[in-house]
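Peer 1: Just so you know, we're using numbering that gives the first Met the number 0 here: the sequence shown kicks off at 0 and counts up by one. C-beta: ideal position from N, C-alpha, C; glycine also. Here the structure is a predicted model, which is why all the values come from computation and not from measurement. Dropping the structure in here first, questions after.
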Amino acid sequence: MTDTARARKLADRIRVVVAETLQRRIKDPRLGYVTITDTRITGDLREATVFYTVFGDDEERAASAAALESAKGVLRSEVGRQTGVRFTPTLTFVPDALPENARTIDDLLAKAKAADAEVRQASSGAAYAGDSDPYRKPGQEADDEEPGTDGKGSPDA
């Protein structure tokens with residue numbers, strides 16, 4: 000059984016090594032503006048999943064995915080050289096769903112803001128259904144009470 004702290008440290012180190020190698024050594028013209036967002040590694044330290052995002056349209060995402068797949072061997076050898084582990088984990092590149100989730104949340108927030116604006120507009124000319132201040136204040140008699148009672152039907156003592 001592997002220590003989870005060691006696996007977490009190795010995953011963080013793999014993320015940094017892959018990002019630096021993509022920035023400095025990989026000169027593939029298909030590789031767009033790629034950001035490595037997260038890395039997860041299995042408990043036996045044999046397989047690492049690298050999550051990435053690409054700034055651009057679907058065509059640039061597909062080209063960057065192909066570039067990452069072709070550079071997988073160079074990236075794995077660099078990870079092995081810089082981490083010094085006995086077995087270099089295999090790398091799997093997965094596009095991160097973070098931008099789509101953020102876009103969905105932005106859409107939901109825009110809908111909620113529009114609904115709040117509709118409610119605000121509908122309530123701008125509205126009047127209170129009862130009194131503007133529905134609470135009783137001390138020393139004030141209510142309309143439904145008889146004078147001389149405490150509001151519960153019993154005479155004041």
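1. Return the chain-ordered list of same chain residues with a C-beta closer than 6 Å to the C-beta of Thr-41, the five sequence neighbours on each side being excluded.
2. Among the residues of its own chain, which have a CB less than 6 Å from the CB of Glu-46, if the five just before and after it don't count?
3. Compare the Cα-Cα distances from Glu-68 to each of Val-84, Val-49, Gly-83, Arg-85 and report the closest residue.
4. With DSSP collapsed to three states, give me the class of Leu-21.
5. In terms of DSSP beta bridges, what is Phe-54 paired with?
6. For Thr-103, is the classification buried or exposed, using 16 other Cβ atoms within 10 angstroms of its Cβ as the cut-off for buried?
7. Kindly give me the distance between the Cβ atoms of Ala-66 and Leu-30, rounded to whole angstroms, as I take these residues to be in contact under 8 Å.
8. Taking Val-16 as the reference, which of Asp-2, Thr-36, Ser-122 has the closest Cα?
9. Answer yes if the region 74 to 89 comes into contact with the region 16 to 26, meaning at least three C-beta pairs across the two stretches below 8 Å, and no otherwise.
10. Between Pro-94 and Tyr-51, which are expected to be in contact by the criterion C-beta below 8 Å, what is the C-beta distance as a whole number of angstroms?
11. Tell me the rounded alpha-carbon separation between Ala-116 and Ala-125.
12. Using 8 Å for Cβ pairs, my map puts Ala-96 next to Leu-44. What's the rounded Cβ distance?
13. Within its chain, find whatever has a CB closer than 8 Å to the CB of Asp-11; leave out the 5 residues flanking it on each side and keep chain order.
14. Short of 8 Å in beta carbon distance, which residues of its chain neighbour Phe-86, apart from the five on each side in sequence? Order them along the chain.
15. Please report the straight-line C-alpha distance between Glu-19 and Val-73, rounded to a whole angstrom.
16. Which residues does DSSP list as the beta-bridge partners of Asp-95?
Peer 2: According to the structure data:
1. For the purposes of this step, residue 41 is taken as the residue at position 42 of the sequence shown. The answer is none, since no qualifying residue turns up.
2. One-based indexing of the sequence shown puts residue 46 at position 47. Sequence-distant partners of Glu-46 (beyond 5 residues in either direction) whose C-beta falls short of 6 Å from its own C-beta, in its chain, are Pro-88, Thr-89.
3. Numbered from 1 along the sequence shown, position 69 holds the residue referred to as residue 68. Nearest option by C-alpha distance: Val-49.
4. Mapped onto the sequence shown, residue 21 falls at position 22. Looking at Leu-21 - three-state DSSP - the assignment turns out to be helix.
5. Residue 54 sits at position 55 when you count from the first residue of the sequence shown. According to DSSP, Phe-54 bridges with Tyr-32.
6. Walking along the sequence shown from the start, residue 103 turns up at place 104. Exposed, by the Cβ-count rule.
7. Counting from 1 along the sequence shown, the entry for residue 66 is found at position 67. Counting from 1 along the sequence shown, the entry for residue 30 is found at position 31. Confirmed, about 4 Å.
8. Taking the sequence shown and counting its residues from 1, one reaches residue 16 at position 17. Ranking the options by Cα distance to Val-16, first place goes to Thr-36.
9. The region 16 to 26, when compared against the region 74 to 89, does touch it at the 8 Å Cβ threshold.
10. Locating residue 94 in the sequence shown gives position 95, counting from the first residue. Locating residue 51 in the sequence shown gives position 52, counting from the first residue. Right, their Cβ atoms sit about 6 Å apart.
11. Residue 116 sits at position 117 when you count from the first residue of the sequence shown. Residue 125 sits at position 126 when you count from the first residue of the sequence shown. Distance between Ala-116 and Ala-125, taken at the CA atoms: about 15 Å.
12. Counting from 1 along the sequence shown, the entry for residue 96 is found at position 97. Counting from 1 along the sequence shown, the entry for residue 44 is found at position 45. Contact flag wrong, Cβ pair sits at about 25 Å.
13. As a first step, residue 11 is located in the sequence shown; it is residue number 12 there, counting from the start. Result list for Asp-11: Thr-38, in chain order.
14. Position 87 of the sequence shown, counting from 1, holds the residue named residue 86. Correct list, in chain order: Leu-44, Arg-45.
15. Walking along the sequence shown from the start, residue 19 turns up at place 20. Walking along the sequence shown from the start, residue 73 turns up at place 74. When only Cα atoms are considered, Glu-19 and Val-73 end up about 12 Å apart.
16. Here the question's residue 95 lines up with position 96 in the sequence shown. Bridge partners of Asp-95: none, in fact.
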